[in-house]
Structure formats: structure tokens, C-alpha cells
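Q:
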Amino acid sequence: MTIYNIYIFDRLGTLLYYMEWNRQKQSGMSKEEEAKLMYGMLFSIKSFVSKISPHDPKQGLLCYKTNKYALHYYESLTGIKFILNTDISVKNVRDLLQQLYKDIFVEYVVKNTECEMGQPIVSELFQNKLDQFIKQQQKILQ
Amino acid sequence: MGIYGVYIVSKSGGLIFNYDYNVPKIETEQAFSYPLDLKLLLENNRLLVSFGQRDTIKVGHVLLAINGIPVSGRKLEDGKDALDMLDDATNYPLNLKFGRPKMTVNEKIFLASMFYPLFAIASQLSPKPRSSGIETLEADTFKLQCFQTLTGVKFMVIADPTHTGLEQLLKKIYELYTDFALKNPFYSLEMPIRCELFDTNLQSLLEQADKTNININNCK
Chain A
430 MTIYNIYIFD RLGTLLYYME WNRQKQSGMS KEEEAKLMYG MLFSIKSFVS KISPHDPKQG
490 LLCYKTNKYA LHYYESLTGI KFILNTDISV KNVRDLLQQL YKDIFVEYVV KNTECEMGQP
550 IVSELFQNKL DQFIKQQQKI LQ
Chain B
1066 MGIYGVYIVS KSGGLIFNYD YNVPKIETEQ AFSYPLDLKL LLENNRLLVS FGQRDTIKVG
1126 HVLLAINGIP VSGRKLEDGK DALDMLDDAT NYPLNLKFGR PKMTVNEKIF LASMFYPLFA
1186 IASQLSPKPR SSGIETLEAD TFKLQCFQTL TGVKFMVIAD PTHTGLEQLL KKIYELYTDF
1246 ALKNPFYSLE MPIRCELFDT NLQSLLEQAD KTNININNCK
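Heads up: the sequence lines are chains A and B, in that order. Here my numbering is used: the first residue of the first sequence is 430, the next is one more, and so on. Here my numbering is used: the first residue of the second sequence is 1066, the next is one more, and so on.
(1) By the DSSP assignment, the alpha helix (DSSP H) with proline 1100 (chain B) in it spans what residues?
(2) Given that glycine 1117 (chain B) touches chain A, what residues does it touch there, using C-beta distances under 8 Å?
(3) Using a Cβ-Cβ distance cut-off of 7 Å, determine whether phenylalanine 1082 (chain B) contacts chain A.
(4) Tell whether a beta-carbon distance below 7 Å holds between phenylalanine 1184 (chain B) and isoleucine 1199 (chain B).
(5) Can you tell me whether DSSP reads glutamine 565 (chain A) as helix, strand or coil?
(6) Which runs of the beta strand (DSSP E) spanning at least 3 residues fall entirely within the region 436–511 of chain A, listed in chain order?
(7) Could you check if alanine 1154 (chain B) is buried or exposed, using at least 16 other CB atoms within 10 Å of its CB as the buried criterion?
(8) Given a cut-off of 7 Å on the beta-carbon distance, is the pair tyrosine 503 (chain A) and leucine 1202 (chain B) in contact?
(9) So which residues of chain B does cysteine 492 (chain A) contact, with C-beta pairs closer than 7 Å?
(10) Short of 7 Å in beta carbon distance, which residues of its chain neighbour valine 1088 (chain B), apart from the five on each side in sequence? Order them along the chain.
(11) Below 7 Å on C-beta distance, what does glutamate 1200 (chain B) contact in chain A?
(12) Compare the C-beta of valine 1088 (chain B) with all C-beta atoms of chain A and state if any pair is closer than 7 Å.
(13) Does the region 1221–1234 of chain B come close enough to the region 513–528 of chain A that 3 or more CB-CB pairs lie under 8 Å?
(14) Our contact map puts alanine 1177 (chain B) next to valine 1074 (chain B) with C-beta atoms below 8 Å; I'd like the distance itself, whole angstroms only.
(15) Using the C-alpha atoms, what's the distance from leucine 1151 (chain B) back to glycine 1144 (chain B)?
(16) If you measure between the beta carbons of isoleucine 432 (chain A) and tryptophan 450 (chain A), is that distance less than 7 Å?
(17) Have a look at valine 519 (chain A) and leucine 444 (chain A) and give me their C-alpha separation to the nearest angstrom.
(18) Just to confirm, is the Cβ distance from lysine 1124 (chain B) to alanine 1130 (chain B) under 7 Å?
(19) Between phenylalanine 1082 (chain B) and isoleucine 1223 (chain B), is the Cβ-Cβ spacing less than 7 Å?
(20) If you draw a straight line from the alpha carbon of methionine 499 (chain A) to that of asparagine 1160 (chain B), how long is it in whole angstroms?
(21) What residue does the beta strand (DSSP E) around leucine 1129 (chain B) start on, and which one ends it?
(22) Assuming the contact rule is C-beta atoms closer than 8 Å, histidine 484 (chain A) and isoleucine 1279 (chain B) should be a hit. Round their C-beta distance to whole Å, please.
(23) Quick check on DSSP: helix, strand or coil for threonine 1169 (chain B)?
(24) Does glutamine 567 (chain A) get closer than 7 Å to chain B when you measure Cβ to Cβ?
(25) With valine 538 (chain A) as the anchor, note down where its beta strand (DSSP E) starts and where it stops.
(26) Which one of A:Tyr447, A:Val535, A:Gln453 has the shortest CA to CA distance from threonine 507 (chain A)?
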């Protein structure tokens, strides 16, 4: 029951924020490159999902799992994308991501006049709150 | 409900087998008056709804027929131009049929080869060492389960999100593949599978899987 890392992208694919907690393997490239690869992969998966879906998709991609980790995806209607990598046994991550968007992102980034839209988030308050939120969730999940 | 389709992708990423099991048909036919409250867009040689979604007609649906005459590309079957016809107020009321676009074989091959790099990147971006590629991909309308054999062939099944036991089903499909495709003297590796026995056996397997799954869900 662990949370590995989080990526937040805006609607144009800019990496707004990255944080890792228990990451055991680095991808062997710079953070910028990794973010581009991640965004590109998700962009392709999204188009893949909308084409292959037998019914009309609404939210589209929810998550994918490999044998070692699960990637959970949440996109707000404004195109802000939250990507959370966890253990494969973790459940109900969607609610968690929604809560994270509502209680942390909107409160401490959108309502913060210092934070410029489309720029990486540097607010220390947001970083602390996010860290707190994830650590608290990790305790609940255990 | 149930299973929607099976795909087999070769080691090099080409689609070698595809079977649509029960893909739902989503179509609606309605009478429209002038002016049309839908915005249509010509994309990939199809007329797509780009704005003006309502209950049964969704963004992304394509125009299939006007007054019962099928539309292909932007042309009607009788040679008239569909967009000109829709723009002309004297033609109304018109009976338009919209539906979710059906995947062409080319699109399926394209999607199968698209899955290949996604599978590889997913394992590269893993936060944990020695991760495999994507095993299950969940969306709100379907679930994709992928099984890669040791020889690199990928078996994929697309099913309803509530469907269980897909891993066992894929192992069984692999078994059928080894029995009926690989042991067929007329089958060459990496080439599309055209074996009648494989088709019939796969179909009965899928029917069985669908039935047992419905039973399991009813018991719950």
C-alpha cells in the first residue's frame, strides 16, 4: 500500500508539479524528458481509448496496471491532469484524486494569486499541503 | 455486457488476428428542420458531429445516411454532396442517421501497432524495478486485458468493466492459438491467422466465457 509519485500537467502538457515518495527505480533520463514521455504516452492512450471503446466514452481512461504498479489518471474538465502511481492493491484512488483536485489544487493553486497559470508550481504552501495529504492517505490505506 | 473483441498482436507489433464478438451498434435516425442545430466537421473523410451533443447523438458520431441513402465520405451514394444538401434550406425536413463510427480494418491495424510502444513506455516509466508492460487498462466503458507470452505475442481482450476471469480466458485463447494456428502446416509465423478451426473454437470459448460470467454476476 504505497504511493510512489505524482505528476500534474496542464492542458497544454506543461509539467506543473512533480513529487515522489517511495520511488525505487529512476527512468534514467532527466525529469523534463520523463515528463514529456509520460505526457506523450497518456495522450496516445487517451486517443487509443476513445477509438477502441465500444460505447461512447465519458471520462475515458481511468487507470492501467502492470505487474508492479498501477497508474491512476484523473483529468478535470479544464484539462488539468493528475497522474498518481501506486501499488497495484490500492483501491478508490479516483476519489482521492478528485479530493486532491478539489481540496488542494483549487484551494492552494487556483485561489493563490501568486501562482501563474501554465507555469510550474513553486508555492511552498501547496507543496506542504500536498505532502501532508498524501502521507495522511498512506496512513489510511495501511 | 460481456466480451467485445479479441486481438492478437505479433512480436513485431502487427495485428495478426482480430475478432469482434458482440460490438454494440449505436445508431439514431431523426428528422431535422432547417437550420441544423448540429455542427458537422469533415475529418478523415467522414462527417463528424463536432458540436451540439444531445441525448442520443454524441460528439464524434458520424453521419451515416440522409433520407435513408448511405453517405460515404462527404458524398451520398447517388453522387450528391452531403454538405451542399445540408446547407440548402429547400431540402428540409431531412431524415438524418448518426452513429458511432465503426472501426475499419486499417484503423484496427493502426491501433494494434499503437499499443505496442505504449506497452513498452509503461514499463520504462515504472517507479518500481522490473515492471512488465500494461496488463489491464481500464476506462469507464470497457476494460482491456493484455497477456504477453514468453515469445512476445500479445493477446488482448476487450470486455465490459465488470467482466471477471479475463486472465484465464486469455490463457485459454493462447492454448487455442498453439493448438490450431501453430500446428497448422499452412500457417506461417508473424502472418495473419486464417484458420477455420481456430475461429470456430475461439467463438465457442467466448460464448462459454460470456455465459459463465453472467451466471457469476447473477449469483452475487
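Built from N, CA and C at the ideal position, the CB exists for glycine as well. All figures in this text were calculated on a predicted structure; none of them were measured in a lab.
A: With the given structure in hand:
(1) No alpha helix (DSSP H) holds proline 1100 (chain B); DSSP gives it neither H nor E.
(2) Under the 8 Å cutoff, chain A gives no residues; its nearest Cβ is about 15 Å from glycine 1117 (chain B).
(3) no
(4) yes
(5) helix
(6) 444–449, 490–494, 499–504
(7) exposed
(8) no
(9) Glu1203
(10) Tyr1069, Gly1070
(11) Lys494, Thr495, Asn496
(12) yes
(13) no
(14) 5 Å
(15) 14 Å
(16) yes
(17) 25 Å
(18) Note on identity: in this sequence residue 1124 (chain B) is valine, with lysine being the wrong assignment. In this structure, alanine 1130 (chain B) does not lie closer than 7 Å to valine 1124 (chain B) by Cβ.
(19) no
(20) Rather than methionine, the amino acid found at residue 499 (chain A) in this sequence is alanine. Approximately 47 Å between the Cα atoms of the pair.
(21) 1127–1131
(22) Contact doesn't hold; Cβ gap of about 18 Å is too wide.
(23) coil
(24) no
(25) From DSSP, valine 538 (chain A) is part of no beta strand (DSSP E); its letter is neither H nor E.
(26) A:Val535
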